[in-house]
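So the sequence shown is numbered by our numbering: it starts at 17 and just counts up by one.
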Amino acid sequence: MTAGMGTGAPATRATENGGMDYMTLVCPHNECQPEVAPPTVRIVHSGPACDVEEERQSERVYTIREGETLELVCLVTGHPRPQVRWTKTAGGSWERQGDSRAHNDTLKIESIGRHQGGRYYCKADNGIGTPAIRSIRVDVYFLDEPLITVHQSAGDAKDRFYAERTVFLRCVAASNPPVAYTWRRGRQALSQGADAGVDIYEPFFTPGETKILKLKNLRPQDYANYTCVASVRNACDIADKMAHFSLSNRTAPPSVELLPDDPLVVDPGRTVTLVCVTSGGEPPPALRWVRPGGEALPEGSVTEAGTLTIPAVAVDDGGAYSCLADNNVGGGARKSTDILVRGLRKARFWITPDPYHDDDRIRIGREVKISCQVEATPPEELQFGWMKNGRPLRSSERMVITHTDAEMSPGVTNLDIIDLKFTDFGTYTCAASLRDGGSPEISIDVNISSTTVPPELTVPRGRSRIVAREGDTVELRCLVSGKPKPVILWSRAEDAPEAADEVPAGAPPATEDAAQTEGYDGILRLADVTREMGGTYRCRTSQYNGFNVKPRQALVQLAVQFPPAVEPAFSEVRQALGRAFALTCRLLRAHPARPLRYEWKLGSRLLTVGRFDEQSDDTRYQVRALNREGYGEYTCDISNDAGAGRCTFLVTGKAYPPEFYYDTRGALWQNRPRSYGFKLQWTQMEPAGVDRILAYRLGIRQVGQGRWWEQEIPVEAGIRKGELLTYNLTQLVKPESYLVRLTPITRYGEGDATERIIAYSAPVNPHLREFQCAFEDETLCLFSQDKSDDFDWTRHSAASRDTKYTPNTGPGADRRGSKQGHYVYIETSRPRMEGDQARLLSPTFNAGSKSGATYCLAFYYHMYGKHIGALNAFLRQKGAAASEASEASVWSLSGNQGDRWRRAAVDVHPSADFQVVLEGVRGAGIEGDIAVDDVTIQEGRCQDPPSNNLISHAPPRRPALWLLRVALSLTLIGRQRYLETATPLTPGDLPPPRTTVSLSNLMTAKKARARSRTRTHHTHENTHTHTHGDKLTLTHTNLNTQTKRHRRTCWRTQKHTHTHTHRSRRSPCGVLSVFVVSESVRHDTQVPSDRAGVCRRRGDWGRTSRRRERRG
């Protein structure tokens, strides 16, 4: 690899001198304005697309097939380089956290799905002005397999589809764009009205989503094979899809049976098999097993031909299972069954004192109830037994045993002891089991004695408020007493409401909150506490496994201390030597909030210490004059009893990074056949923020290689903010790309570097290679819209033309006849006005050493419509100053040229860097679209230029005008006798036997000012032609046209035309006379507009041409 980076001369801000590399100031006379520009955005696509439709001038609809790769590129301009962000409609639901695609210029979605369609937004922001936002709507095309379902009218529904019944065949297919359906019976296409027994329609409530074939009173010929063809008309090359259904007298909806049909009760660990068989249905239905709510089948289960097998069934596998049968006839069939896995779970008890006395204690002579609760599967097999001190206990008058309904779950049994006696004290056992076994028995022991007392809850002294530091492990403690010892529930007081004051007599305990923490020792352990965990905690007794009384509760306050939170945690401060500045450290929050101390250091050297007062929330350190020893890391520690928070400031003299300028026109050029050059431009970020930039270190390496080439670019004077600097890179090898790194250097040392990629692209220098543009690329081959015109040119293709296009104007295909090909045109519909201009600017071509060479500018144009205005081509050359440019007209044509593409070619002779400007002018009406395609610029003169290559403001020639050239040729041979007459010939007249030559004077003057909306044209033409002999042409034309257009005035036109044409020719076979008589008179005047801005027109008369032929 070779890369030339210039001569290394200092940046003298001189203008370009020969081929030497240079650094120069773009704006002249030392009157630089900041070279900053707000962002602009344009979205183009670089992946495969079915179509890109112009919905509006600034918006496109991008169509892509499902499963393909979406690739959108956000082309941005602006300086500094804007940051790009992609989002999607509805608040960016596509944009996931951490998805890097959202922050790249290119948005790429591989294997795009239908749900990923929608409107995508590209936002560019560089902090200058308002952010630029553009959007594109992505339309994902797809077509699913169609599905035919068969239904019978409700009144006719039977087990089978008998004759003389009405049958509906419904075809449904999900698609985008909307699907078109076609029905066939056998090989015969069915259409509405072709068969009295068939109706084809769309339901009113779902138009476009389905197509229904209605067979009225089934006939023998209706039993046939039916085909539904779903089509999206080959959009995105999506082929049609078909579904088939055979209708016969055996067609019937499905029905199923389950084996076994009753719920299945099994022990844990057993293998369960459920069998589903079809008992009817034609065609044979498909079977599948499901669980309610879409729950997945048990892990390891196997389904085959309607049989579901669950090996080693577990308790959690119990529940409902359903078998579904479907054959697309009717609504399908469903049968469900239950699997009950035997088991006992969640055993609990509670003691309820006498509800008729306001006393929570158990007392002799009063009633007491012991309750036991167990969840069982199946609930009807649950059975309870009671024992006292190990002996079975039977129900009696004083000890009443009751059970809840066997069908209820969970099951509850109660033991009511009426008129409690001393002899009733003892241990009572509740035993729960299943009647048929399969699960171990569960027993609960409850002691009733004089020591059985309700719970009491307190907080140890000094533990009602706990102070801890962040990161500590904390224990919150509540002391609980009572027998039996209850479960303690912990919760945040802010999250859990207080327990109810009253508990209804005999009511079972309320269900505990799942967010609460259970414990038996009354201790809540919190590890690694944070500041968010501070607050009030509540401990309370549970009503389960204890007394069923109002819960006892207590509160514990937790205060978490943490070091001060400060900002900024880190900040880089760039300063030049000798300057004064201040550093500020701010307090955000702390606990405890006072007292607070601060301490400033530079490295390890202590600068100052102090305390915060009650009102202050920040501390500041002032540097009066920065010296070299003042560079370094400053720290400020703000501390309390829990620790310290630190602000860090890195004070440095490093220069800010340069910002590359990406919008340079003509940045890439070719100076040798195998190499190219690049104009590198940049501005310096905050040049006055540090010491003066002394030089730049330029590094360059070829992408994919590891070796760097470096060169230092001296800078002689200070750089101002926004100053645009330029350096030419030469001898870059085609077609390699390069990584460029630019580092500013001050007396402090090297500053921050910035990098960019220089990629080779096709050259635009016509003297080295032909420039061609067929407008197939959305970048328009680097053509740009003139910002000073009235409206823009539009890139278009006939395949994407809107159905609301204006008829009788514009091309039906591109220049090569392809409807998929693209071209540019001016849309003359409203709100465009007569005389509005659209100007398209080519890239800037570098004439280089071949200044003054000849180039051929060629293009194809299409000017069809009765309101065609004008198409002009200008050559714009760069002046001595960058802001100066001159324009010269090189080609012009106006009027209707017919519905076909024509070629224009003209030689241009630039003497400096130049651009080609294509200008379309709107005519008098909407039928005036002008199109351009296949623009080429090639070195050398044009070969075989077309006949209309000269500047012309007249309508296209009529076929009879060639006679004028014949008359002129005869005159030049020597038959020079003159005749001038104003008497028009009439059909049948013969001219006098004399020959007359044409005398023509043509004067055209045109004045054009660049970027001006004022144009003036003066044209005077006088032509008299009279020819005698076997060939005769008589023409008399007077034309006086003065045209002036200004921003606030209308057109003024005066035109008078008088034309007579007569031709006669003799032949040996007789006389063949063709008389062509045409006479037209036109007088047109427009005066200045009135206050409403409307032009007033007077006079518009004319007569059409007449032609008569006679043969003899």
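Every residue, glycine too, gets a C-beta built ideally from N, C-alpha and C.
So, helix, strand or coil for Q931, using DSSP?
-> The three-state secondary structure of Q931, taken from DSSP, is strand.
Determine which residues share a DSSP beta bridge with H838 and list them.
-> DSSP output for H838 lists S813 as bridge partner(s).
Reduced DSSP category for P314 - H, G, I as helix; E, B as strand; rest coil = Note: P314 maps to coil in three-state DSSP.
Note down the Cα distance separating C252 from P673, rounded to an integer number of angstroms.
-> Rounded to whole angstroms, C252 to P673 spans 48 Å at the Cα level.
Distance, G551 Cα to L505 Cα | About 17 Å.
Cβ neighbour criterion (16 or more within 10 Å) applied to E771 | E771 comes out exposed.
If you check the beta carbons only, do S587 and L684 fall under 8 Å apart?
-> Cβ distance not < 8 Å, so S587 and L684 don't count as in contact.
Going by C-alpha distance, which of W725, I378, T651 is nearest L436?
-> If we check each option's Cα against that of L436, I378 comes out closest.
List the whole-angstrom C-beta distance separating G133 from D155, where the pair is believed to meet the contact cut-off of C-beta under 8 Å.
-> The pair is a contact, with the Cβ atoms about 6 Å apart (cut-off 8 Å).
Report the partner residues of T325 according to the DSSP bridge assignment.
-> Beta-bridge pairing links T325 to T289, V318.
What did DSSP end up calling D211 once you bin it into helix, strand or coil?
-> The answer is coil: DSSP assigns D211 none of H, G, I, E or B.
Just mark E675 as buried or exposed, buried being the case when its beta carbon has 16 or more other beta carbons within 10 Å.
-> Per the 10 Å Cβ criterion, buried.
Enumerate in chain order the residues of its own chain whose CB-to-CB distance from R595 is below 8 Å, with the five nearest sequence positions on each side excluded.
-> Within the same chain, R595 has close Cβ partners A641, L642.
Use the C-beta contact count for G767: other C-beta atoms within 10 angstroms, 16 or more gives buried, fewer gives exposed.
-> Of the residues assessed, G767 falls on the buried side of the cut-off, its CB having 16 or more other CB atoms within 10 angstroms.
Please classify E739: is it buried, with 16 or more other beta-carbons within 10 angstroms of its beta-carbon, or exposed?
-> Taking every protein chain shown into account, the CB of E739 has 16 or more other CB atoms within 10 angstroms, so this residue is buried.
Enumerate in chain order the residues of its own chain whose CB-to-CB distance from A570 is below 7 Å, with the five nearest sequence positions on each side excluded.
-> L473, T474, V475, C494, C555, listed in sequence order.
Boundaries (first-last residue) of the beta strand (DSSP E) holding H167 = Segment 163-168, the beta strand (DSSP E) holding H167.
Expressed to the nearest angstrom, what Euclidean distance is found between the alpha-carbon atoms of G347 and V293?
-> Cα-Cα distance, rounded: 18 Å.
Beta-carbon gap between I326 and D333 smaller than 8 Å = Yes, they are a contact pair.
Use the C-beta contact count for M849: other C-beta atoms within 10 angstroms, 16 or more gives buried, fewer gives exposed.
-> With fewer than 16 other Cβ atoms inside 10 Å of its own Cβ, M849 counts as exposed.
How big is the Cα-Cα spacing for P147 and S62?
-> C-alpha of P147 to C-alpha of S62: approximately 24 Å in a straight line.
Beta strand (DSSP E) containing S655: first to last residue?
-> 648-656 is the extent of the beta strand (DSSP E) around S655.
Is DSSP giving T1012 helix, strand or coil here?
-> Confidence is the limiting factor: at T1012 the pLDDT is only 32, short of 50, which leaves the residue's position unreliable, though a coordinate-based value still follows. Three-state DSSP puts T1012 in coil, outside helix and strand.
CB D707 to CB D830, shorter than 8 Å?
-> Contact flag unset, no.
Do L542 and T489 have their C-beta atoms closer together than 8 Å?
-> Contact: yes.
Taking DSSP as the reference, what is the three-state secondary structure of E792?
-> In this structure, E792 counts as coil in the three-state DSSP scheme.
Flag this pair as touching only if the region 690-703 and the region 733-749 have three or more C-beta atom pairs under 8 Å; answer yes or no.
-> By the Cβ test, the region 690-703 is in contact with the region 733-749, since at least three Cβ pairs between them sit closer than 8 Å.
Please name the residue in D544, R508, A769 whose C-alpha comes closest to that of T759.
-> With distances taken between CA atoms, T759 lies nearest to A769 out of D544, R508, A769.
Check whether the region 368-378 touches the region 456-473, counting contact only when three or more Cβ pairs, one atom from each stretch, lie closer than 8 Å.
-> Yes, they touch.
Starting from K230, follow the beta strand (DSSP E) in both directions and report where the run begins and ends.
-> Note, K230: beta strand (DSSP E), 226-231.
Taking only the alpha-carbon atoms, compute the straight-line gap between S247 and G83 and give it to the nearest angstrom.
-> Taking the CA atoms as reference points, S247 sits about 18 Å from G83.
Along the beta strand (DSSP E) that carries E615, what are the first and last residues, could you check?
-> Per DSSP, E615 belongs to the beta strand (DSSP E) from 613-618.
Which same chain residues, not among the five before or five after S858, have their C-beta less than 7 Å away from its C-beta?
-> Excluding the 5 residues flanking it on each side, S858 has same chain C-beta neighbours closer than 7 Å at F799, Q931, V932, in chain order.
Determine the closest residue to I460 out of L755, R361, R508, with distance taken between C-alpha atoms.
-> Nearest C-alpha to I460: R361.
So G498 is in the beta strand (DSSP E); what residue range does that whole segment cover?
-> Counting along the chain, G498 sits inside the beta strand (DSSP E) bounded by residues 495-499.
Mark S1016 as exposed unless 16 or more other C-beta atoms lie within 10 angstroms of its C-beta, in which case mark it buried.
-> Because the pLDDT of S1016 is 32, which lies under 50, any placement of that residue in the model is unreliable, and the question is left without a value.
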